[in-house]
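Here the structure is laid out as structure tokens; the discussion comes afterwards.
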Amino acid sequence: MTANIDWSKLGFEYLQTACHLTAEYHDGKWGELVSQEQPMMPLHIAAQCLHYGQACFEGLKAFTQPDGSVGIFRPEENSRRMARSAERLVMAPVPEPMFLEACRKLIELNREFVPPRGYKASFYIRPVLLGTTPVIGVKGAKDFLFLAIGMPMGSYYREGFKPVKAMIHCKYDRAAPLGVGSAKVAGNYAAGLLADAHAKKAGFPVSLYLDSQHHRYIDEFATSNFIAITRDGKFVTPDSATILPSITNKSLQQLAVDMGLTVERRRVDVAELSEFAEVGACGTAVVVTPVESIRHGDQ
Ligand SMILES: Cc1ncc(COP(=O)(O)O)c(C=O)c1O
1 MTANIDWSKL GFEYLQTACH LTAEYHDGKW GELVSQEQPM MPLHIAAQCL
51 HYGQACFEGL KAFTQPDGSV GIFRPEENSR RMARSAERLV MAPVPEPMFL
101 EACRKLIELN REFVPPRGYK ASFYIRPVLL GTTPVIGVKG AKDFLFLAIG
151 MPMGSYYREG FKPVKAMIHC KYDRAAPLGV GSAKVAGNYA AGLLADAHAK
201 KAGFPVSLYL DSQHHRYIDE FATSNFIAIT RDGKFVTPDS ATILPSITNK
251 SLQQLAVDMG LTVERRRVDV AELSEFAEVG ACGTAVVVTP VESIRHGDQ
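Below you can see the structure in the form of structure tokens.
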């Protein structure tokens, strides 16, 4: 059975499916995964995540395979990254078997929402981890909620898979040098909303951040890593402690090596931008989006 969805018109929007999954952590132990049909949930008004931001998440995709089965793209990598985010925010990590089982079960229970092949669409899985203990002073939660929600997705940018214009922010930083830039924590995205709004208003759908210490080296785009191809065919991507280690980027680097390209993970000076043959933004959501131009100040 398939849901009554026009697979060719999917964007990157929330869409209600049959159910999501939850698991609760209390007294030092994770409970069972439970399927929930209602998208609303009870949460204490003083829940840690609402006030002090103990919240991290992941994003991964599943695709219908030629034999009709559904394959999830490298879920172990997302599980490990979520565990690192949890550790950075002093949260109970979700055990990998539970994370993987949640992805598998979510697909099984929402099978009719998995796009068929041929539509450049996928089933997007969004695992979320929240600190739920009621607190009023600043302290970490002892209770946690794991959510696994998912929905069919098309392309991230309204333009589809066409080249996009990016803007480098001079007035806003994404991540502090010893901060949480390498973790997928909710606060990073809230902190970027104002910069994004300015960029979009100026006609740039994509924001690019420099390192916040020197404002000289390229860090990453708001929701994706920076990759470039040099004129002599090398694959270049920033080596920075303040960017999210992208699983798409890691996979592309392996493909580049397999194709015989030299991969350079290093500091990328913003002055080098004009010398690259191609620049792209890569990530689960944006896939590999070619970047048409990059505005930096008045250049
Ligand atoms: C800030 C940021 N950088 C990079 C990425 C790309 O990571 P991945 O390829 O694992 O989706 C994402 C998306 O998850 C992101 O939000």
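Using the working numbering, the first residue of the sequence shown is number 1, and each one after it goes up by one. Note that CB positions come from ideal geometry on N, CA and C, so glycine has one too. Source: prediction; values computed, not measured.
Cβ-heavy atom distance, residue i to ligand 1, below 7 Å
i	result
residue 249	yes
residue 223	yes
residue 240	no
residue 244	yes
residue 220	yes
residue 282	yes
residue 86	no
residue 59	yes
residue 285	yes
residue 184	yes
Selection from the options that minimises the alpha carbon distance to residue i
i	options	result
residue 189	270, 122, 31, 175	175
residue 119	236, 84, 11	11
residue 116	96, 70, 81, 90	70
residue 192	168, 203, 214	168
residue 72	130, 88, 161, 107	107
residue 291	161, 137, 268	161
residue 248	274, 9, 60	60
residue 222	156, 264, 258	156
residue 298	211, 170, 85, 187	170
residue 243	264, 220, 85	220
residue 240	226, 96, 36	226
residue 282	272, 224, 236	224
residue 163	15, 200, 286	286
residue 52	276, 272, 166, 137	137
Where residue i sits in the DSSP three-state scheme
i	result
residue 204	coil
residue 129	strand
residue 75	helix
residue 292	strand
residue 36	strand
residue 249	helix
residue 271	helix
residue 257	helix
residue 280	strand
residue 47	strand
residue 172	coil
residue 86	helix
residue 113	helix
residue 122	strand
Test: residue i CB closer than 8 Å to a CB of chain D
i	result
residue 199	Although the question refers to chain D, the structure presented lacks it and comprises just one protein chain.
Sequence-distant residues of the same chain with beta carbon closer than 6 Å to residue i, five excluded per side
i	result
residue 44	134
residue 140	90
residue 178	none
residue 296	168
residue 48	54, 131, 133, 135, 141
residue 267	217
Counted within 10 angstroms of its Cβ, other Cβ atoms place residue i as buried (16 or more) or exposed
i	result
residue 26	exposed
residue 214	exposed
Same chain only: Cβ atoms within 8 Å of residue i, ignoring 5 sequence neighbours per side
i	result
residue 23	30, 31, 32, 33, 34, 94, 98, 102, 145, 146
Contact set for residue i: own chain, Cβ-Cβ below 7 Å, skip 5 residues either direction
i	result
residue 3	112, 113
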